[in-house]
Amino acid sequence: MFELLIVGFLIFLNAVFALSELAVVSSGGPS
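Heads up: the sequence shown runs through residues 1339 to 1369, numbered per this note's numbering.
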């Protein structure tokens, strides 16, 4: 059960990171 929680948390972090990357790319990036 605890491993499932860790896996779910890692997937959640990966999704948040992907969404933030997508937002940065769509806004044109820092440059």
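Positions of the beta carbon are idealized from the N, C-alpha and C atoms, including for glycine.
Local conformation of residue i per DSSP, three classes
| i | result |
| --- | --- |
| F1365 | It should be pointed out that residue 1365 corresponds to Ser in this sequence rather than to Phe. Coil at S1365, not helix or strand. |
Residues of its chain near residue i, where Cβ-Cβ distance is below 7 Å and the 5 sequence neighbours each way are ignored
| i | result |
| --- | --- |
| E1341 | none |
Close-in-space but distant-in-sequence residues of the same chain around residue i (CB under 6 Å, 5 per side omitted)
| i | result |
| --- | --- |
| M1339 | none |
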